[in-house]
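Notes follow once the structure below has been shown.
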Amino acid sequence: MTAMLAMTQHQRKKVPIILHDESEKAQTWSHVFSEETRKQSIPVIAACQLKERMYGELQGLNEEEAAERYGKQQVHEWRRSYHIPPPKGESLEMCAERAVAYFEDNVEPELAFGNNVLIAAHGNSLRSIIMYLDKLTSQEVTSLELSTGLPLLYIYKDRKFVRRGSPVGPTEAGVYAYTKIGTIQTEA
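Here numbering that gives the first Met the number 0 is used: the first residue of the sequence shown is 0, the next is one more, and so on.
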């Protein structure tokens, strides 16, 4: 949904088309045959690797309910620890393994080819990718707070990432206005 909302603000007014790769039939259905349509559209790729961290037995509980069941300190440790997963859930480290692997395998090749990519995902998968891009430690990433709905812009140049935007806005005037989007990667 975030990716679709972002595209409504894109200057070129391209139409997002969701591409599927989960089966041969889905790939066939999402194939764009017309060159004219291809020029007017932008691919949206749904990737389960960008889904939010799985909280296991904490899933569906608010903080108060989780604290009543497991204790406030234990819940805090599960939620804020990099290495320790909640029962039947995944740690931030596990989330980072899948999100960063996806980024390296699918996003970086697009960037190396000269395409721009918008990633719309949840906090912990984004936090994991930012950890990779900014070379943060496991201690630094657990205290990283992200603002909802505010973009971060990274420039990929000479096989390095340079942050050019922040949660409070771009550091260069007009940097978002002149950025083309080649592909949207989003959680499945």
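Don't be surprised by glycine CBs; every beta carbon is placed ideally from N, CA and C.
Count the other C-beta atoms from every protein chain shown that fall within 10 angstroms of the C-beta of A111, then say buried if there are 16 or more, exposed otherwise. exposed
Top-ranked residue by Cα proximity to Y131, from A120, N114, G88, E96: E96
Tell me which same chain residues have a C-beta within less than 8 Å of the C-beta of Q58, skipping the five on either side of it? G88
Comparing C-alpha positions only, which one of Q138, A5, A100, R126 sits nearest to A46? Residue A100 is the option with its Cα nearest to A46.
At what residue ranges does the region 9-95 contain a whole run of the beta strand (DSSP E), taking only runs of 3 or more? 14-18, 40-46
Measure the CB-CB distance between R162 and L151 and report whether it falls below 8 Å. In this structure, the beta-carbon distance from R162 to L151 falls below 8 Å.
Excluding the 5 residues flanking Y177 on each side, which residues of the same chain have their C-beta closer than 6 Å to its C-beta? Unreliable placement is indicated for Y177, whose pLDDT of 33 sits below 50; no coordinate value is reported for it.
Within 10 Å of its beta-carbon, does N123 have 16 or more other beta-carbons around it, so buried, or fewer, so exposed? N123 counts as buried, since at least 16 other C-beta atoms from the protein chains shown sit within 10 angstroms of its C-beta.
For R126, name the three-state secondary structure that DSSP assigns. helix
Identify whether L152 lies in helix, strand or coil by the three-state DSSP scheme. Of the three classes helix, strand and coil, the one that applies to L152 here is coil, per DSSP.
Report buried or exposed for P166, applying the criterion of at least 16 other Cβ atoms within 10 angstroms of its Cβ. Its pLDDT being 41, under 50, P166 is placed unreliably by the model, and nothing is read from it.
Do you know offhand how far F160's Cα is from E56's? 36 Å
C-beta atoms of M6 and I41 nearer than 8 Å: Yes.
Can you tell me which of the three DSSP states L110 falls into? helix
Check each candidate in Q39, L143, K71, Y54 and name the one with the smallest Cα separation from K189. Residue 189 is absent from the structure shown; the chain starts at 0 and stops at 187.
Would T136 pass as a contact of S80 if the rule is Cβ separation under 8 Å? no
Which first and last residues belong to the beta strand (DSSP E) in which L117 is found? L117 -> beta strand (DSSP E) spans 116-119.
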